[in-house]
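Engineer: Note that the protein sequences, when read in sequence, are chains A and B. My numbering puts the first sequence at residues 145 to 470. My numbering puts the second sequence at residues 364 to 685. Below is the structure I would like to discuss, written out as structure tokens.
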Amino acid sequence: MSIIPDKPPFKLLDILYKKEFILLIVLISILIINSNLTPYFLDLYNLIDSTFLFSEKAIIALTMTFVIIARHIDLSVASIIAVSSCVLGYTTSLGYDTWIVLLLTLFSGALCGAFNGAIITKFAISSIIVTIGTMSLFRGLTYSFLEDSYYNKFPKLVTNLGSGYLFGYIPYAFLTFILLAFVFAFILHKTSVGKKIYSIGNNPDAAQYTGIAVDRYTFVLFTLNGLFSAIAAIFLSGRLSSVRPNIAFGWELEIITMVVLGGVYIYGGSGSILGVVISIFILGMLSFGLGLLNIPGVGIIIFTGLLLILSIGFPSFVRTLRRKNE
Amino acid sequence: MKKFLLNRDFILFVIICIGLISVGFANPLFITPSSISDVLTDTSILIILALSQMIVILIRAIDLSVASNLALSGMLISLLSTVHPELPVYYFIALSCIIGTILGVLNGVSIAILKVPFIVTTLGTMSIYRGLIYFVSDGKQVYSSEFSENFLALIHFKFLSLSFLFWIAVAVFIIIYILLNHTRFGRNLYSLGGNPDAAKYIGINENKYIILAYSISGLFAGLCGYLWVARYSVASTQIAIGFELTVISACVVGGISVMGGVGTVLGCLLGALLIGLIRNALPAVDISQFWQLAISGAIILLAIIINTKTEQRKEKTVMVQE
């Protein structure tokens, strides 16, 4: 009788074929190329400040990873940021206490996410089309509320969080992202909750039959995604110290790119937090480097789009070719 | 008779009429012939894009890049018209269509050959195409004074006091109606959307149809690129931003199922007309333009919920009958 081990035996060569390893090599080569191209890249302060460019998106990318692994997608995150920062500005203007302001902001984000989750699970509609709808609904609500005005007064704490440093070195947003990344990696890879999310993504029907409350998981994941969008909204409003209805426009694309480039399969069921974290650094360092080289933001947008398509298209193209040869 | 009255398209038609009459009560100026002709002109581009988006939605996909495609092809021909004002207008229209088709084919190839999911592909090309506009134009606008007379020649043409744009939309409607209802191509599209596996077994080449559907979507996006730029006499990086959502909401309201294989061309037309009516009626009844986005979002959600509910009910009754 042969014994089937729980885990395949550890081989050093296997690491080389891992997506995370390839991503790491890409990241290191970007760092090397960047530091050769411009002397300002390897400056410690510059590098620390460059994290401001991606920390807020990275926070949402963590929950988005969960959502995509569970075979869903959420296109409304950027619009939820708009709603939450609008709530933040409005409640501040009413003169509420800072803690109440923060609580209401977080609540508004979670509420938007729960709205997504409720419609997706109650009516069994695909999350793409629901969040396309709520993407314009949420953004539209902020437009109709703010019209062409804006908020520029926020509690001191929020401004500090958005642009301040812990011990004068580590930006709060970046710190939050790193801490949350550990928590999420633990949940996804070491707990039964994580296992269940993978199995929902692999086969929702089978997961349902094994007794996983698929709808409840979906609802919670979307609520969480909304809540994290609100957290990002707090950091972002604090950093920009002005909120207009078009805040964070187009971020949903960048966040999904972070997740998908990190090796999370867009149809659910596979992916890791480590991969997503590395891909966040790849994209962050790339746009930071391109920015230092005076390449305009548009170039970065085009590059992100290309990277997104090629990162999925190339491996699957190679797979098809190989299958044809066999 | 009862079946006819409960027909989805008929109900939509009744809703449009009721909407038109009630807006008319609030603001009688809105239902004068000239105003209605304006609404039709204004909705023409939406009609064309909704009909071509329908082809993509029928095979269970979505093309989010249409608005960027429109803006890019519009910008390219506008730049050409500033350099070569002497070229005839047909040249610009043809070129715009060709550019749009190429951009559409790129989408199709990425989805069918590279196997990149449609949502990733079209989200990606949405920003790539939009970004390319900045590159070709250096972020500058092409203003109305810079367009040649040739370029704008056709847009003021009127027939039966209805505009050129509207007649183009009518032509596109007829073409797509025949294409979907009276050709093998149309039937195969419906069967691919209804049941992709079964369609593959009876020998329908899925990849070919994906590429064709996206090239048609691109072709009409290119056509609308010319129409949009000529109608508003401005080409900039910002034109038609977010318009893809309006197009999708028109399709969804028109009863095109995002699960694929379900929906009529007439329904799609009525959906676009209803959305166009709402967009134009808001200012007439003194609702701020800022509400437009929220309202179209709410309409997408409402329509999709109603669609799914009726589909689920149909499935139940079919099971009971068996």
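Quick reminder that beta carbons are idealized off the backbone N, C-alpha and C, glycines included. No experiment lies behind these values; they were computed from the predicted model shown.
Is there a Cβ from chain A that is less than 8 Å from the Cβ of residue 667 of chain B?
Structural biologist: Locating residue 667 of chain B in the second sequence gives position 304, counting from the first residue. At least one chain A Cβ lies under 8 Å of residue 667 of chain B.
Engineer: At the 8 Å Cβ level, is residue 685 of chain B part of the contact set with chain A, yes or no?
Structural biologist: The residue labelled residue 685 of chain B in the question sits at position 322 within the second sequence. In this prediction, residue 685 of chain B has a pLDDT of 43, which is less than 50 and means its spatial position is unreliable; what the coordinates show is noted afterwards. Residue contact check for residue 685 of chain B against chain A: no CB pair falls below 8 Å.
Engineer: How big is the Cα-Cα spacing for residue 274 of chain A and residue 401 of chain A?
Structural biologist: Counted from its first residue, the first sequence places residue 274 of chain A at position 130. Counted from its first residue, the first sequence places residue 401 of chain A at position 257. Using only the alpha carbons, I get a separation of about 20 Å.
Engineer: Assuming residue 484 of chain B and residue 474 of chain B form a contact by the criterion Cβ under 8 Å, report the distance between their Cβ atoms to the nearest whole angstrom.
Structural biologist: Taking the second sequence and counting its residues from 1, the one referred to as residue 484 of chain B is at position 121. Taking the second sequence and counting its residues from 1, the one referred to as residue 474 of chain B is at position 111. Indeed, because the Cβ distance is near 5 Å, the residues count as touching under 8 Å.
Engineer: Is the separation between the beta-carbon of residue 319 of chain A and that of residue 207 of chain A shorter than 8 Å?
Structural biologist: Counting from 1 along the first sequence, the entry for residue 319 of chain A is found at position 175. Counting from 1 along the first sequence, the entry for residue 207 of chain A is found at position 63. Not closer than 8 Å, so no.
Engineer: Here's a check: name, in chain order, each residue in its chain whose Cβ is nearer than 7 Å to the Cβ of residue 405 of chain B, leaving out the five neighbours to either side.
Structural biologist: Against the second sequence, residue 405 of chain B aligns to sequence position 42. In its chain, beyond the 5 residues on either side, 639, 643 have a beta carbon closer than 7 Å to the beta carbon of residue 405 of chain B.
Engineer: Specify, as a first and last residue, the run of the alpha helix (DSSP H) that residue 447 of chain B falls within.
Structural biologist: Position 84 of the second sequence, counting from 1, holds the residue named residue 447 of chain B. From DSSP, residue 447 of chain B is part of no alpha helix (DSSP H); its letter is neither H nor E.
Engineer: Applying the 10 Å Cβ sphere with the 16-neighbour rule, what's the burial state of residue 503 of chain B?
Structural biologist: Taking the second sequence and counting its residues from 1, one reaches residue 503 of chain B at position 140. Note on residue 503 of chain B: under 16 other CB atoms within 10 angstroms of its CB, so exposed under the neighbour-count rule.
Engineer: Which residue marks the beginning of the alpha helix (DSSP H) containing residue 571 of chain B, and which one marks its end?
Structural biologist: As a first step, residue 571 of chain B is located in the second sequence; it is residue number 208 there, counting from the start. First-last of the alpha helix (DSSP H) with residue 571 of chain B: 569–595.
Engineer: Any beta carbon of chain B sitting closer than 8 Å to that of residue 268 of chain A?
Structural biologist: Translated into the one-based positions of the first sequence, residue 268 of chain A becomes position 124. Output row for residue 268 of chain A: interface = yes.
Engineer: Give me the chain B residues within the contact set of residue 452 of chain A, using Cβ-Cβ distance strictly less than 8 Å, ordered along the chain.
Structural biologist: Start at 1 with the first residue of the first sequence, and residue 452 of chain A comes out as number 308. Going along chain B in sequence order, the residues near residue 452 of chain A (Cβ under 8 Å) are 483, 486, 487.
Engineer: Which one of B:577, B:468, B:443 has the shortest CA to CA distance from residue 511 of chain B?
Structural biologist: Indexing the second sequence from 1 puts residue 511 of chain B at position 148. Ranking B:577, B:468, B:443 by Cα distance to residue 511 of chain B puts B:443 first.
Engineer: Report the three-state DSSP secondary structure of residue 523 of chain B (helix, strand or coil).
Structural biologist: Here residue 523 of chain B is taken as the residue at index 160 of the second sequence, counted from 1. Residue 523 of chain B: coil per DSSP, three-state reduction.
Engineer: How far does the alpha helix (DSSP H) with residue 466 of chain A in it extend, from its first residue to its last?
Structural biologist: Here residue 466 of chain A is taken as the residue at index 322 of the first sequence, counted from 1. Start and end: 441–469.
Engineer: Quick one: grab the DSSP three-state call for residue 353 of chain A.
Structural biologist: Counted from its first residue, the first sequence places residue 353 of chain A at position 209. In the structure shown, residue 353 of chain A sits in a helix (DSSP, three-state: H, G or I).
Engineer: Anything in the segment 401–429 of chain B with a Cβ closer than 8 Å to a Cβ of chain A? List those residues in chain order, please.
Structural biologist: 425
Engineer: Could you name the residues of chain B that residue 321 of chain A contacts, counting a contact when the two beta carbons are closer than 8 Å?
Structural biologist: Here residue 321 of chain A corresponds to residue number 177 of the first sequence, with the count starting at 1. Those do not exist, as residue 321 of chain A stays about 23 Å from chain B at its closest Cβ, beyond 8 Å.
Engineer: Kindly list, in the order they appear in chain A, the residues whose Cβ is closer than 9 Å to that of residue 478 of chain B.
Structural biologist: As a working note, residue 478 of chain B is residue 115 in the second sequence. Within 9 Å Cβ-Cβ: 456, 457, 460, 461, 463, 464.
Engineer: Report the residue from A:399, A:302, A:397, A:335 whose alpha carbon sits nearest the alpha carbon of residue 384 of chain A.
Structural biologist: If you number the first sequence from 1, residue 384 of chain A lands on position 240. Out of A:399, A:302, A:397, A:335, the CA that lies nearest to the CA of residue 384 of chain A is found in A:302.
Engineer: Terminal residues of the continuous alpha helix (DSSP H) containing residue 417 of chain B?
Structural biologist: Indexing the second sequence from 1 puts residue 417 of chain B at position 54. Where residue 417 of chain B is concerned, the enclosing alpha helix (DSSP H) stretches over 396–421.
Engineer: Could you give the first and the last residue of the continuous alpha helix (DSSP H) run that contains residue 333 of chain A?
Structural biologist: Counting from one through the first sequence, the residue named residue 333 of chain A turns up at place 189. Residues 316–334.
Engineer: Anyone know if the C-beta pair for residue 631 of chain B and residue 413 of chain B falls short of 8 Å?
Structural biologist: As a working mapping, residue 631 of chain B is identified with position 268 in the second sequence. As a working mapping, residue 413 of chain B is identified with position 50 in the second sequence. Cβ distance < 8 Å, so residue 631 of chain B and residue 413 of chain B count as in contact.
Engineer: Using a Cβ cut-off of 8 Å (strictly closer), state whether residue 175 of chain A contacts chain B.
Structural biologist: As a position in the first sequence, residue 175 of chain A is number 31, starting the count at 1. Chain B, which has no Cβ nearer than 8 Å to the Cβ of residue 175 of chain A, makes this no.
Engineer: Could you give the distance in angstroms between the alpha-carbon of residue 500 of chain B and the alpha-carbon of residue 438 of chain B?
Structural biologist: The count along the second sequence starts at 1 and reaches residue 500 of chain B at position 137. The count along the second sequence starts at 1 and reaches residue 438 of chain B at position 75. So the two alpha carbons sit approximately 8 Å from each other.
Engineer: Going by beta-carbon coordinates alone, are residue 621 of chain B and residue 271 of chain A separated by less than 8 Å?
Structural biologist: Stepping through the second sequence from its first residue, residue 621 of chain B is reached at position 258. Stepping through the first sequence from its first residue, residue 271 of chain A is reached at position 127. Going by C-beta atoms, residue 621 of chain B is not nearer than 8 Å to residue 271 of chain A.
Engineer: Would you mind sorting residue 112 of chain A into buried or exposed? The rule is 16 or more other CB atoms within 10 Å of its CB.
Structural biologist: Residue 112 of chain A is absent from the structure shown; chain A starts at 145 and stops at 470.
Engineer: Which residues in chain A sit within 8 Å of residue 490 of chain B, going by Cβ to Cβ distance?
Structural biologist: Looking up residue 490 of chain B in the second sequence gives position 127. Correct list: 394, 397, 445, 446, 448, 449.
Engineer: Per DSSP, residue 387 of chain A is paired with what?
Structural biologist: Residue numbering aside, residue 387 of chain A sits at position 243 when the first sequence is read from its first letter. Answer is A:295, bridged to residue 387 of chain A.
Engineer: State whether the segment 335–346 of chain A contacts the segment 225–236 of chain A, with contact taken as three or more CB pairs (one from each stretch) at a distance under 8 Å.
Structural biologist: no
Engineer: Just to confirm, are residue 415 of chain A and residue 213 of chain A a CB contact at a threshold of 8 Å?
Structural biologist: Here the question's residue 415 of chain A lines up with position 271 in the first sequence. Here the question's residue 213 of chain A lines up with position 69 in the first sequence. A contact, by the Cβ cut-off of 8 Å.
Engineer: Nearest by alpha-carbon distance to residue 231 of chain A: which of A:378, A:353, A:362 is it?
Structural biologist: Position 87 of the first sequence, counted from the start, is the residue given in the question as residue 231 of chain A. Closest by alpha carbon: A:378.
Engineer: Exposed or buried, residue 350 of chain A, counting other C-beta atoms within 10 Å across all chains shown (16 or more means buried)?
Structural biologist: By 1-based counting over the first sequence, the position of residue 350 of chain A is 206. The residue is exposed, with fewer than 16 neighbouring Cβ atoms inside 10 Å.
Engineer: Should the segment 403–418 of chain A be called in touch with the segment 255–262 of chain A, which here means at least 3 C-beta pairs below 8 Å?
Structural biologist: no
Engineer: Anything in chain B within Cβ reach of residue 284 of chain A, meaning under 9 Å, just list it in chain order.
Structural biologist: By 1-based counting over the first sequence, the position of residue 284 of chain A is 140. Within 9 Å Cβ-Cβ: 653, 654, 655, 656, 657, 658, 659, 660, 661.
Engineer: What does residue 608 of chain B reach in chain A if we use C-beta pairs closer than 8 Å?
Structural biologist: Taking the second sequence and counting its residues from 1, one reaches residue 608 of chain B at position 245. Result: 276, 279, 280.
Engineer: Assess contact between the segment 456–473 of chain B and the segment 433–451 of chain A, defined as three or more Cβ pairs (one per stretch) separated by less than 8 Å. Is contact present?
Structural biologist: In the pairwise beta carbon analysis, the segment 456–473 of chain B is classified as not touching the segment 433–451 of chain A: fewer than three pairs are separated by under 8 Å.
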